[in-house]
Structures are given as C-alpha cells and as structure tokens.
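Visitor: Okay, handing you the structure first.
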Amino acid sequence: MLDIKFIRENQDVVIKALKERAIALNLDSLIDCDKERRKVLQELDELRSKKNLANSRISKILKEKKDPQEEIKSMKEIAALIDNLGPRAKELEDSINNLLLTIPNVPHASIPRGDASCNKIVRLWGDKVSFDFKPLDHIEICAHLGLIDFSRASKITGSNFLLFRGVGARLERALFNFMLDLHTKKHGYTEVFP
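Residue numbering for the sequence shown follows UniProt numbering, beginning at 1 and increasing consecutively.
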C-alpha cells in the first residue's frame, strides 16, 4: 500500500504510473479525504490544547480558592467538541485506508508501460514443451479448482489482486509457514510480528 504522504507529494507521478499500467483511477476523492482528515486533526489538536489550558486555569483558580464554574463550563464545551470530532477523524482515516487499498504500487522504471500485452520476455530456461492439447495457465487452473476468487477480490481491493479460498488459502498459509520455519530454523532469522 502506498503512503498517503507519498501520494500527496507525488500526485503527478502516481497518476502517470496508473495511466502507464492502464488503470483508470481517480485520486481526487482520496486527496479530498486526506485534506479533510488533516483539517479535522488540526482542529482536534487545537481543541486539546485549549482543554489543557482550561484545565491548568481551573487548577490555578482552585488554588486561589475561587469559583471555577465558568472555566469548567468552557472546558466541558471543548470536551464536547472533541467528542464530536473524534469519530469523524476515525471515519476519514478508515475511508483513506480503504481508498489506498485500491491503488497499486508505482512500478519500477524498468517495467514495460501498458497492459499485460506489453510485457517482454527477459529470458527463457529449458526446452519448450509441446502439448497435443491446449494447456491451462495457472490462473485457469486456480479458478477451475476454486483456489482463487477473482471476482470477489476485484470487488474488495480492485484489479490485479487475489483472494485465496478454501484449499488455496490453506496452501498459501502453508507456504508462509514453510518459509518462516526454513528461515528461522536453518538460516538464523528471528521472526518478528507487528
């Protein structure tokens, strides 16, 4: 997933990369959500600062043995504003994360531009096998065996992503576990999980 700061600062680069990958995606809603989220976060910071100042003033007034009711009322109003803005900030954060999941990575400069037909063969290995039937590619095999659900994956994350199902999900998990076991037990790596 691309960082929102990278997209914000390099919007032209991301748009160009999407066009070169033949992906039609509008970044305006993401940028608008990000602007609003940053505005809400700034308001929250200012309100929290005001609340802290009010709290300090209340402490000072209490030490002077005066009535702090006016300051307490002011602090409660600020706290109510904070309580109203907090969920909006969370909602915007969730929207941004969902939109970010639909944006593919910016391809390396060495990657051919365009759709899959523009890909080039870098090297071949071994003899080419000839079949007396039309062989299925890995995508067709996975779809036929029900290992991968492409239609649901595209609804959830956009194009060019996979959703493993059933035995396919178990196989993917087994491969993860195999690689973790191999590298932690035989190559001295330490497993880390956030």
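Glycine is no exception: its CB is placed at the ideal position from the N, C-alpha and C atoms.
#1: Is F150 helix, strand or coil by DSSP?
#2: In terms of residues, what are the limits of the alpha helix (DSSP H) holding K66?
#3: Going by beta-carbon coordinates alone, are G158 and P104 separated by less than 9 Å?
#4: May I have the straight-line CA-CA distance separating R110 from L175, to the nearest angstrom?
#5: For the alpha helix (DSSP H) containing K16, name the first residue and the last one.
#6: Using DSSP bridges, identify the partner residues of F164.
#7: In three-state DSSP terms, what is I121?
#8: Is it right to say E64 is buried, meaning 16 or more other beta carbons lie within 10 angstroms of its own, or is it exposed?
#9: If we ignore side chains and look at the alpha-carbon of each, how far apart do L44 and L92 end up?
#10: Looking only at its own chain, which residues have a Cβ that is under 8 Å from the Cβ of D181, when we skip the five neighbours before and after it?
#11: Sort L62, H144 and K73 by Cα distance to residue 196 and report the nearest one.
#12: Specify the secondary structure class of N105 as computed by DSSP and reduced to three states.
#13: Apart from the five residues just before and just after D115, which ones in its own chain have a Cβ nearer than 7 Å to its Cβ?
#14: For G146 and G168, what's the separation of their Cα atoms in angstroms?
#15: Using only the alpha-carbon positions, how far apart do K128 and P107 sit?
#16: Look at I58 and I72 and say whether their C-beta atoms are less than 9 Å apart.
#17: Less than 9 Å separating the beta-carbons of L2 and L100?
#18: Whole beta strand (DSSP E) runs in the segment 30-93 with 3 or more residues, listed along the chain?
#19: Should V14 be labelled buried (16 or more other beta-carbon atoms within 10 Å of its own) or exposed?
Guide: The answer reads as follows:
#1: Reduced to three states, the DSSP call for F150 is helix.
#2: That residue, K66, is in no alpha helix (DSSP H); it is neither H nor E in DSSP.
#3: Yes, the Cβ-Cβ distance between G158 and P104 is below 9 Å.
#4: The displayed chain sequence assigns Ser, not Arg, to residue 110. Put simply, the backbone Cα of S110 is about 29 Å away from that of L175.
#5: Looking at the DSSP string, the run of the alpha helix (DSSP H) that includes K16 is Q11 to E20.
#6: According to DSSP, which records beta bridges pairwise, F164 is partnered with I148.
#7: Correct three-state label for I121: coil.
#8: Counting the other CB atoms within 10 Å of its CB gives E64 a total below 16, which places it among the exposed residues.
#9: If you draw a straight line from the Cα of L44 to the Cα of L92, it comes to about 14 Å.
#10: Within the same chain, no Cβ atom closer than 8 Å to the Cβ of D181 is found once the five residues on either side in sequence are excluded.
#11: Limits of the chain in this structure are 1 at one end and 194 at the other, which puts residue 196 out of reach.
#12: Correct three-state label for N105: coil.
#13: The residues are A22.
#14: G146 and G168 have their alpha carbons spaced roughly 8 Å apart.
#15: Approximately 29 Å between the Cα atoms of the pair.
#16: At a Cβ-Cβ threshold of 9 Å, I58 and I72 count as neighbours.
#17: Against a cut-off of 9 Å, the Cβ pair of L100 and L2 comes out as a contact.
#18: The qualifying runs do not exist here; there are none.
#19: V14 should be labelled buried.
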